[in-house]
Amino acid sequence: MSYVKEPMSIEQKSFEIIDQEMDQELKSRLTMEELAVVKRVIHTSGDFEYQQLIGFQHNPIEEGIKALSEGTKIYADTNMICAGVNKRTLQRLGCEVYTHVSDEEVAKEAKEKGETRSMIGMKKALEDPQTSIFIIGNAPTALFTLLENRKTDNRPKLVIGVPVGFVGAEESKKELEKTDLPSVVIRGRKGGSTIGVAIFNAMMYLVDNDR
81 MSYVKEPMSI
91 EQKSFEIIDQ
101 EMDQELKSRL
111 TMEELAVVKR
121 VIHTSGDFEY
131 QQLIGFQHNP
141 IEEGIKALSE
151 GTKIYADTNM
161 ICAGVNKRTL
171 QRLGCEVYTH
181 VSDEEVAKEA
191 KEKGETRSMI
201 GMKKALEDPQ
211 TSIFIIGNAP
221 TALFTLLENR
231 KTDNRPKLVI
241 GVPVGFVGAE
251 ESKKELEKTD
261 LPSVVIRGRK
271 GGSTIGVAIF
281 NAMMYLVDND
291 R
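Numbers 81 to 291, taken from this note's numbering, label the letters of the sequence shown in order.
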């Protein structure tokens, strides 16, 4: 059997196909940086519908790149996001990604208060002044909590709001779009941790693409 084996060649060919099959009118409305993000989301999902669902508000890529260049901390609402972020690139940028959803004290407090671990974890992350990027790929309650408890010290610098699901996901993203926060959203019910990772990694590669 004859097939492409080299990883970067596979990726390059995939992006060539994506570029050819994207809606050309939609593509023409995007900046080069936005296009890079959209292409990586399509590459991750195999779903061209994301080119219609993705939204960029208040210069999120510019603000995200600025925060990454300053060596920020990134809070994620799932372990999957932490696992999927390109660690070598993150390390070279002097940044760190973390989550609180598996912390024992978070689980205990969530049970006592009758709230989700995602809510308690987000509240804890918002107390850390070094954390300025937030990736929400799973729990609408995490995004609602961020919006209810956001600080006034010019944070967050970037919110990647892409929770997936049928209860609260679409609504939480609509609420995010009403704010002045720099954000990337996936409108509707679609999204997920892998999509959040794709958006974030795409932004990192705009700063450092030495993979």
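Just so you know, even glycine gets a beta-carbon here, dropped at the ideal spot from N, CA and C.
I'd like to know whether the C-beta atoms of residue i and residue j end up nearer to each other than 9 Å.
i      : j      : result
Thr179 : Lys203 : no
Ile134 : Val117 : yes
Ser273 : Gly164 : yes
Asn281 : Thr158 : no
Ile266 : Val177 : no
Ile141 : Glu114 : yes
Ala278 : Thr124 : yes
Asp99  : Lys85  : no
Tyr285 : Asn139 : no
Leu238 : Val264 : yes
Lys188 : Leu206 : no
Gln137 : Leu106 : no
Measure how close the beta-carbons of residue i and residue j come, nearest whole angstrom, since I'm counting them as under 8 Å.
i      : j      : result
Arg235 : Ser212 : 5 Å
Ile240 : Gly276 : 5 Å
Met283 : Ile145 : 6 Å
Val242 : Gly201 : Not quite, the Cβ-Cβ distance comes to about 17 Å (not below 8 Å), so this is no contact.
Asp311 : Arg172 : Shown here, the chain extends from 81 to 291; a query on residue 311 therefore has no answer.
Glu251 : Gly268 : At roughly 11 Å, the Cβ-Cβ gap does not stay under 8 Å, so Glu251 and Gly268 are not in contact.
Whose CA, out of the options, lies closest to the CA of residue i?
i      : options                           : result
Ala147 : Val186, Ile161 and Pro262         : Pro262
Phe128 : Leu227, Ile145 and Gln104         : Gln104
Met160 : Arg269, Ser182, Glu114 and Thr169 : Ser182
Pro209 : Thr152, Gly248, Gly174 and Glu251 : Thr152
Ala156 : Gln132, Ala190, Pro220 and Gly174 : Pro220
Leu227 : Thr196, Asp260 and Gly245         : Asp260
Asp290 : Met88, Met81, Tyr83 and Ser82     : Met88
Gly126 : Ser149, Val244, Met102 and Gln137 : Met102
Could you name the residues that DSSP lists as bridge partners for residue i?
i      : result
Gln137 : Ser263
Ile215 : Ala156 and Ile240
Val177 : Ile154
Are the stretch 250-257 and the stretch 216-227 touching by the rule of at least three beta carbon pairs closer than 8 Å?
yes
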